[in-house]
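A.B. asks: Below is a structure I'd like to ask you about.
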Amino acid sequence: MPHAEAPLRSVKQPAKHRPRGKTGLVLALCLVSAGCSLVPDYQRPQADAAAAWSTAVGDGTGAVPVSGAWWRSFGSPELDELMQRSLSGNFTLRAAVARIDEAQGTAEVNAAALFPSITVAGTQDQKNGVKNTGTHQLLAQASYELDFWGKNRAAAASGTALAHASAFDADTVAMTLSASLVDTYFQILSLNERVRLARQIADDARHVLALVQVQQQAGTATELQVEQQRAAVATFDGAVPPLLQQADQALHLLAVLTGQAPEGFAIAASDLHGLARPGVLPDLPTALLERRPDIRAAEARLISANFDIGVARAAFFPSVSLNAGVGIGAKQASHFFPPSAVTDLGFSLLQPLFQGGQLEGQLRFDRARQVEMVATYRQTVIAAFQDVEDMLSTLAHVRDQEEIEIVAQTAASRAASLAELQYRLGSADYLTVLTTEQALYQAQDALLQVRLQRLQAIVGLFRALGGGFDADAGPAVVQVSAPQGARPQSAPQSAAPSAPMPMPATPSGG
1 MPHAEAPLRS VKQPAKHRPR GKTGLVLALC LVSAGCSLVP DYQRPQADAA
51 AAWSTAVGDG TGAVPVSGAW WRSFGSPELD ELMQRSLSGN FTLRAAVARI
101 DEAQGTAEVN AAALFPSITV AGTQDQKNGV KNTGTHQLLA QASYELDFWG
151 KNRAAAASGT ALAHASAFDA DTVAMTLSAS LVDTYFQILS LNERVRLARQ
201 IADDARHVLA LVQVQQQAGT ATELQVEQQR AAVATFDGAV PPLLQQADQA
251 LHLLAVLTGQ APEGFAIAAS DLHGLARPGV LPDLPTALLE RRPDIRAAEA
301 RLISANFDIG VARAAFFPSV SLNAGVGIGA KQASHFFPPS AVTDLGFSLL
351 QPLFQGGQLE GQLRFDRARQ VEMVATYRQT VIAAFQDVED MLSTLAHVRD
401 QEEIEIVAQT AASRAASLAE LQYRLGSADY LTVLTTEQAL YQAQDALLQV
451 RLQRLQAIVG LFRALGGGFD ADAGPAVVQV SAPQGARPQS APQSAAPSAP
501 MPMPATPSGG
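Following the numbering used here, the numbering of the sequence shown begins with 1 at its first residue and continues without gaps.
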């Protein structure tokens, strides 16, 4: 354990003095080897990924790979334009991008200890308040902590890892946002179709009502049948307002997703006709570890926690700082030149002796947090696997359900036509007409809902597979235009801040 080392007194020594004995040898060896590291060796936690997905996804013919702007595969220019507006104007995404800058600033603060600190100060000591008397000095001071134990490097790398995590978090927000926008857009178009269907069915029911009223006048229909048909018309009419309410709310949500106020917002498309229903070509399960930004964010936080253990361990060991000062002085401000030189050079050695359990508590905390981050990473991985399996299963079953609903709708449409014809000819009773009307509406409405579910299942599968984000490009917000100054110019390649040392995938132990 680090704190088992023999404590050293805090002393200041002239620069010409060198550490001697065992401590001096350790410091010298560390200096030669470019510093010791107390960061534990990092290994990515084992993920129990299957060789293939449980649900078959077809032969892949004509399927779209999970990369790039996946929403363009639906063939809707309006959807593409809405997506551009959303990814550049959504305020939730802007806040996530701003958090990248926050994390970069914190990483720069953590990395500052890797560089010397230089300050300049001027002093004036007057005698009895009389000007041009006393002593005047201009001093420059520099200090630098020798990072023998890798504490500062580990702290800088921890901050860099958290900056990576913030960038992946922004990618996750963008991934969720893009899927939500496409889902909402499709929902609006589907609700528009369902409203038109409900109105059409209500109009057809009114035609039947007129027929029944004529037959009542002729004595071939009863008042009960007239009232039953009038109730059916009201039922069909009553389905319209709730659908319109849902459509309005979805339109308002779509406006907010694009960063706009709902007032005056509208879309041009009115139905789902003309939209492509692309197949999705998923990668192997193991590829999800590199593609899903939420998994990458969880691992970045785990790497940060791993570096934090190194920082906590290094805190038990002595810190060595070099100090230098240089300045000029004179008894009068006008006599700085020729100056009277003032110099100071030395180093300090500081060994913590008793901190009331602070160092032990910090190390215990960081170790526990590393264990927590391992569990969080593994949970994120298996939840992602579940997400993909759910979407694959949903898509497969929705396809089957759509085929069944098509058969049901075709049969219901034919039955309704035959029932009305036979009723006109007097060979079918009114109850048959009423029943087939209701069955037709239910079948047609169910088919519209299933078609929406299939489109949304495709969207969900793209999202679950991390679509729209290039795993090889590193953490970055999706490659579309963003507000000027919202993220660093280098974000398409790496949203992590520049730091004196890169964040290694496997830090060395020491």
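Positions of the beta carbon are idealized from the N, C-alpha and C atoms, including for glycine.
The structure displayed is predicted, hence computed values, not measured ones.
Quick check on DSSP: helix, strand or coil for residue 179?
C.D. replies: Three-state DSSP puts residue 179 in a helix.
A.B. asks: If you draw a straight line from the C-alpha of residue 255 to the C-alpha of residue 91, how long is it?
C.D. replies: Approximately 12 Å between the Cα atoms of the pair.
A.B. asks: Pairing CB atoms from the segment 184 to 203 with CB atoms from the segment 230 to 241, are three or more of them under 8 Å?
C.D. replies: Result yes; three or more Cβ-Cβ pairs closer than 8 Å.
A.B. asks: Report buried or exposed for residue 293, applying the criterion of at least 16 other Cβ atoms within 10 angstroms of its Cβ.
C.D. replies: Buried, since its Cβ has 16 or more Cβ neighbours within 10 Å.
A.B. asks: What's the C-alpha gap between residue 367 and residue 275?
C.D. replies: Distance between the alpha carbons of residue 367 and residue 275 is about 52 Å.
A.B. asks: Starting from residue 109, follow the beta strand (DSSP E) in both directions and report where the run begins and ends.
C.D. replies: Element bounds for residue 109: not the beta strand (DSSP E) but the alpha helix (DSSP H), 91 to 111.
A.B. asks: Would you kindly report the start and end of the unbroken alpha helix (DSSP H) that includes residue 238?
C.D. replies: From DSSP, the alpha helix (DSSP H) with residue 238 extends over 223 to 238.
A.B. asks: If contacts are defined as beta-carbon pairs under 8 Å, then residue 552 and residue 79 qualify, I think. What distance do you get, rounded to the angstrom?
C.D. replies: Not covered by the structure: residue 552. The range shown for the chain is 1 to 510.
A.B. asks: Going by CA-CA distance only, name the one from 389, 312 and 250 that's closest to residue 357.
C.D. replies: Out of 389, 312 and 250, 312 has the C-alpha closest to the C-alpha of residue 357.
A.B. asks: If we call anything under 7 Å between Cβ atoms a contact, is residue 257 one with residue 73?
C.D. replies: The answer is no: Cβ separation not under 7 Å.
A.B. asks: Could you give the DSSP three-state label for residue 46: helix, strand or coil?
C.D. replies: Here residue 46 sits in coil by DSSP.
A.B. asks: If we count the other Cβ atoms within 10 Å of its Cβ and call it buried at 16 or more, is residue 407 buried or exposed?
C.D. replies: Counting Cβ neighbours within 10 Å, residue 407 comes out exposed, since fewer than 16 surround it.
A.B. asks: Excluding the 5 residues preceding and the 5 following residue 142 in the sequence, name in chain order all residues of the same chain whose CB lies nearer than 6 Å to its CB.
C.D. replies: Correct list, in chain order: 116, 118 and 324.
A.B. asks: If contacts are defined as beta-carbon pairs under 8 Å, then residue 157 and residue 100 qualify, I think. What distance do you get, rounded to the angstrom?
C.D. replies: Going by Cβ atoms, the distance from residue 157 to residue 100 rounds to 17 Å, so no, they are not a contact pair.
A.B. asks: Specify whether the segment 386 to 403 and the segment 42 to 56 touch according to this definition: at least 3 beta carbon pairs, one from each stretch, less than 8 Å apart.
C.D. replies: Cβ pair count under 8 Å is three or more, so yes.
A.B. asks: Just confirm the distance between the C-beta atoms of residue 296 and residue 168, as a whole number of angstroms; I'd bet it's less than 8 Å.
C.D. replies: Their Cβ separation, rounded to whole angstroms, is 4 Å, which keeps residue 296 and residue 168 in contact under 8 Å.
A.B. asks: State the DSSP-derived secondary structure class of residue 158, mapped to helix, strand or coil.
C.D. replies: Residue 158 falls in the helix class under three-state DSSP.
A.B. asks: Taking C-beta to C-beta, are residue 405 and residue 450 nearer than 7 Å?
C.D. replies: For residue 405 and residue 450, yes; Cβs fall inside 7 Å.
A.B. asks: Going by DSSP in three states, residue 64 sits in which element: helix, strand or coil?
C.D. replies: Three-state DSSP puts residue 64 in a strand.
A.B. asks: With DSSP as the reference, label residue 351 as helix, strand or coil.
C.D. replies: Three-state DSSP puts residue 351 in coil, outside helix and strand.
A.B. asks: If distances are taken between C-alpha atoms only, which option among 347, 112 and 277 comes closest to residue 459?
C.D. replies: When only C-alpha atoms are compared, the closest one is 277.
A.B. asks: Need the endpoints of the beta strand (DSSP E) that residue 374 sits in, please.
C.D. replies: Run containing residue 374: none in the beta strand (DSSP E); it sits in the alpha helix (DSSP H), 358 to 425.
A.B. asks: Buried or exposed, going by whether 16 or more other CB atoms sit within 10 Å of the CB of residue 444?
C.D. replies: Residue 444 is buried by the Cβ-count criterion.
A.B. asks: According to DSSP, is residue 440 helix, strand or coil?
C.D. replies: Here residue 440 sits in helix by DSSP.
A.B. asks: Just the C-alpha distance for residue 148 and residue 137, rounded to the nearest angstrom, thanks.
C.D. replies: Taking the straight line joining both Cα atoms gives about 34 Å.
A.B. asks: Please name the residue in 207, 187, 285 and 461 whose C-alpha comes closest to that of residue 250.
C.D. replies: Looking at the Cα atoms, 187 is the closest of the given residues.
A.B. asks: Determine the direct distance from the alpha carbon of residue 166 to that of residue 321, and round the result to whole angstroms.
C.D. replies: Roughly 33 Å between the two C-alpha positions.
A.B. asks: To the nearest angstrom, how far is it from the Cα of residue 267 to the Cα of residue 247?
C.D. replies: Near 12 Å, if we compare the C-alpha coordinates of residue 247 and residue 267.
A.B. asks: Can you tell me where the alpha helix (DSSP H) holding residue 302 begins and where it ends?
C.D. replies: Segment 293 to 314, the alpha helix (DSSP H) holding residue 302.
A.B. asks: If you draw a straight line from the alpha carbon of residue 415 to that of residue 245, how long is it in whole angstroms?
C.D. replies: Rounded to the nearest angstrom, the two C-alpha atoms are 32 Å apart.
A.B. asks: Buried or exposed, going by whether 16 or more other CB atoms sit within 10 Å of the CB of residue 104?
C.D. replies: By the 10 Å Cβ count, residue 104 comes out buried.
A.B. asks: According to DSSP, is residue 187 part of a helix, a strand, or is it coil?
C.D. replies: The answer is helix: DSSP assigns residue 187 an H, G or I state.
A.B. asks: Determine the extent of the beta strand (DSSP E) in which residue 275 is found, giving its start and end residues.
C.D. replies: That residue, residue 275, is in no beta strand (DSSP E); it is neither H nor E in DSSP.
A.B. asks: Could you tell me which residues DSSP pairs with residue 319 in its beta bridges?
C.D. replies: In DSSP, residue 319 forms a bridge with 350.
A.B. asks: Which residues share a DSSP beta bridge with residue 267?
C.D. replies: Note: residue 267 sits in no beta bridge, so no partner.
A.B. asks: Could you name the residues that DSSP lists as bridge partners for residue 142?
C.D. replies: Bridge partners of residue 142: 118 and 324.
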